[in-house]
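Engineer: This is the structure I have questions about; it appears just below.
Residue numbers (mature numbering (1 follows the signal peptide of the UniProt record, and there is no 0)): -35 to -1, 1 to 158.
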């Protein structure tokens, strides 16, 4: 990766730099609204993804019974070469019904190269955490309510009595090659209706 970075910088190609900037800007460009047919497709994808998650991951199934809401991003695209970005749309479900449409975006800088697609679901365990999502002009992951990313080891020991945090997140369906996957620094914003 270091050689790739040095080659990129050493060549100093203006075209490559502008292309990279354009790709990252496109990934980070927030959508103000989704078309009705896009919302229908997004809702279907989010429901299917959520059903697969709770069917295949016992910890997610457990949390789904207690959560006041679940925010599902079925597909996030992350790409970068030194400067990176990620973007995707999702659906908030409360009581099995759609409560809103959201997007998530984030930017990063550092030694990184590659592209990846993945999804994630956030289980809001109390009204306080759900209120934080809707109260501000965007919800920044890592600021505010406590968020725990559930990994395979934690998932085996999680019970309804040990689940005491505000929000639990599951990352799934990772495709592609890219190091440094995390949710910290992502901003989640409600899409206009």
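C-beta: ideal position from N, C-alpha, C; glycine also.
1) Could you pull the start and end residues of the alpha helix (DSSP H) that residue 98 belongs to?
2) Quick check on residue 84: buried or exposed, where buried means 16 or more other Cβ atoms within 10 Å of its Cβ?
3) For residue 151, name the three-state secondary structure that DSSP assigns.
4) Quick one, are the C-beta atoms of residue 32 and residue 89 less than 8 Å apart?
5) Would you say residue 36 and residue 18 are within 8 Å of each other, going by their C-beta atoms?
6) With DSSP run on the structure shown, which of helix, strand or coil describes residue 130?
7) Within 10 angstroms of the Cβ of residue 61, are there 16 or more other Cβ atoms? Answer buried if so, exposed if not.
8) Residues in its own chain within less than 8 Å of residue 100 by CB, not counting five upstream and five downstream?
9) Should residue 98 and residue 54 be called a contact, given that it needs their Cβ atoms to be closer than 8 Å?
10) Is it buried or exposed, residue 11, if we count other Cβ atoms within 10 angstroms and call 16 or more buried?
11) Per DSSP, which residues does residue 60 bridge with? Please list them.
Structural biologist: On the basis of the data shown:
1) Counted from its first residue, the chain shown places residue 98 at position 133. Its alpha helix (DSSP H) spans residues 92 to 100.
2) Position 119 of the chain shown holds residue 84. Answer is buried; the Cβ neighbour count reaches 16.
3) Numbered from its first residue, the chain shown carries residue 151 at position 186. In this structure, residue 151 counts as coil in the three-state DSSP scheme.
4) Residue mapping note: residue 32 aligns to position 67 of the chain shown, counting from 1. Residue mapping note: residue 89 aligns to position 124 of the chain shown, counting from 1. Their beta carbons are under 8 Å apart, which means residue 32 touches residue 89 by this criterion.
5) As a position in the chain shown, residue 36 is number 71, starting the count at 1. As a position in the chain shown, residue 18 is number 53, starting the count at 1. No, Cβ-Cβ distance for residue 36 and residue 18 is not below 8 Å.
6) Here residue 130 corresponds to residue number 165 of the chain shown, with the count starting at 1. Residue 130: coil per DSSP, three-state reduction.
7) Numbered from its first residue, the chain shown carries residue 61 at position 96. Residue 61 should be labelled exposed.
8) Within the chain shown, residue 100 is the residue found at index 135, counting from 1. Cβ within range, chain order: n/a, list empty.
9) To locate residue 98, count along the chain shown from 1; it is residue 133. To locate residue 54, count along the chain shown from 1; it is residue 89. Cβ atoms of residue 98 and residue 54: not closer than 8 Å.
10) Taking the first residue of the chain shown as position 1, residue 11 is located at position 46. Buried: at least 16 other Cβ atoms inside 10 Å.
11) On the chain shown, position 95 is the one that residue 60 refers to. DSSP lists no beta-bridge partner residue for residue 60.
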